[in-house]
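Quick note: the sequence shown uses our numbering, first residue 274, plus one each step.
Each residue gets a CB set at the ideal place from its N, CA and C atoms; glycine is no exception.
Below: one structure, written as structure tokens.
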Amino acid sequence: MAKKLVSGIVGLMPLPLTLVTVANKNNVPDVFTASWIGVLCTDPLYIGVGIVAGSYSHELIEDNGEFTVNVMQEGFVKEMDRLGSISGRDTDKFEEVRLTPHPAKEVKAPTILEAAISIECRVQNIIRLGSHDLYIGRTLATHVDESVLDGDKINIEELRPVSYAAGSYWSIGRKLGQVGSGLG
Ligand SMILES: Cc1cc2nc3c(=O)[nH]c(=O)nc-3n(C[C@H](O)[C@H](O)[C@H](O)COP(=O)(O)O)c2cc1C
């Protein structure tokens, strides 16, 4: 392979496409599309999300230090796209895309009723990086819709999550094999 040195390309892909909610101390919520997000530690479960300094959601999370991560199914890609380009400073984003904020169990930020998976997190560390600040949140509760559960596992074909890569949205591809199976 002839590799070329490039700049301005995020080479790590695909990234999960999620909706993150935040709220300030007075329970004023916001929701935004987030792909700069990932699992950092399994036990205890930590999730890190990079949030643009200066955005409305950044202002709210700074006030309260809590967030939820919501995994939406393919059918909500239009809503996720929209929520990635409008600001909660100017509009009620939940109302605009007709998604329903739902009280979380442990945190002030709401979950999203229509989400297949909602993960409640409390920020334990903030790392100021540059364009984004990294919020490292400890997971306090995970809610999974029964329709995407197969016993205690997620049925990925039912879930139909969305990924972000190279400026586009993608559905998940075909299964290549089970972890640890040797794939022989
Ligand atoms: C595909 C996609 C992924 C995004 N990922 C992030 C992200 O991880 N962190 C972030 O702060 N903004 C991200 N954004 C941008 C925010 O969703 C966008 O700036 C939003 O309008 C912020 O809303 P707010 O002003 O209500 O906070 C993403 C946008 C898109 C379209």
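For this session: Rank E347, E368, G453 by C-alpha distance to the C-alpha of R433 and give the top, closest one.
Result: Looking up residue 433 in the sequence shown gives position 160. Of the candidates E347, E368, G453, the one whose C-alpha sits nearest the C-alpha of R433 is E347.
For this session: Grab the span of the alpha helix (DSSP H) containing I282 for me, first residue to last.
Result: Looking up residue 282 in the sequence shown gives position 9. If you look at I282, you'll find it isn't in any alpha helix (DSSP H); DSSP assigns it neither H nor E.
Exercise. Grouping DSSP H, G and I as helix and E and B as strand, with all else coil, what is K378?
Worked result: Taking the first residue of the sequence shown as position 1, residue 378 is located at position 105. When DSSP states are grouped into helix, strand and coil, K378 belongs to the coil group.
For this session: Can you have a look at M345 and say buried or exposed, based on whether 16 or more other CB atoms are within 10 angstroms of its CB?
Result: Here residue 345 refers to the residue found at position 72 of the sequence shown. The residue in question, M345, is buried, as its Cβ has 16 or more Cβ neighbours within 10 Å.
Problem set entry | Range of the contiguous beta strand (DSSP E) that encloses S360 | As a first step, residue 360 must be located in the sequence shown, where it is residue number 87. Taken as a continuous stretch (DSSP letters only), S360 belongs to no beta strand (DSSP E), as it is neither H nor E.
Exercise. Over what stretch of residues does the beta strand (DSSP E) that includes L413 continue unbroken?
Worked result: Against the sequence shown, residue 413 aligns to sequence position 140. Looking at the DSSP string, the run of the beta strand (DSSP E) that includes L413 is 405–417.
Exercise. Is there contact here, the segment 361–380 with the segment 277–287, by at least three beta-carbon pairs under 8 Å?
Worked result: Taking a cut-off of 8 Å on C-beta distances, the segment 361–380 does not touch the segment 277–287, as fewer than three cross pairs fall below it.
Problem set entry | Cβ separation of V301 and L333, assumed to be a contact under 8 Å, to the nearest whole Å | Locating residue 301 in the sequence shown gives position 28, where the first residue counts as 1. Locating residue 333 in the sequence shown gives position 60, where the first residue counts as 1. Yes, V301 and L333 are in contact; Cβ-Cβ is about 7 Å, under 8 Å.
Problem set entry | Span of the alpha helix (DSSP H), counted from its first residue to its last, around V370 | On the sequence shown, position 97 is the one that residue 370 refers to. Per DSSP, V370 belongs to the alpha helix (DSSP H) from 366–370.
Exercise. Excluding sequence positions up to five away, which residues of its chain have a Cβ less than 6 Å from the Cβ of I409?
Worked result: Position 136 of the sequence shown, counted from the first residue, corresponds to residue 409. Excluding sequence neighbours, I409 sits near Y319, G321, Q397, N398.
Problem set entry | L356 beta carbon near ligand 1 (any heavy atom closer than 7 Å) | Numbered from its first residue, the sequence shown carries residue 356 at position 83. Yes; taking the cut-off as 7 Å, the Cβ of L356 has a heavy atom of ligand 1 nearer than that.
For this session: Following the continuous beta strand (DSSP E) through I310, name the residue where it begins and the one where it ends.
Result: In the sequence shown, counting from the first residue as 1, residue 310 sits at position 37. 310–314 is the extent of the beta strand (DSSP E) around I310.
For this session: Give the DSSP-derived three-state secondary structure of E387 in the structure shown.
Result: Counted from its first residue, the sequence shown places residue 387 at position 114. Coil at E387, not helix or strand.
For this session: Please name the residue in T415, L292, V421, N299 whose C-alpha comes closest to that of E335.
Result: Taking the first residue of the sequence shown as position 1, residue 335 is located at position 62. The shortest Cα separation from E335 among T415, L292, V421, N299 belongs to N299.
Problem set entry | Sub-8 Å separation of E293 and F340 beta-carbons | Within the sequence shown, numbered from 1, the residue matching residue 293 stands at position 20. Within the sequence shown, numbered from 1, the residue matching residue 340 stands at position 67. Glu is not the amino acid found at residue 293; the sequence shown has Val there. Closer than 8 Å, so yes.
Problem set entry | Distance cut 5 Å, beta-carbon to ligand 3 heavy atom: residue list by chain order | Among the ligands modelled here, namely ligand 1, ligand 3 does not occur.
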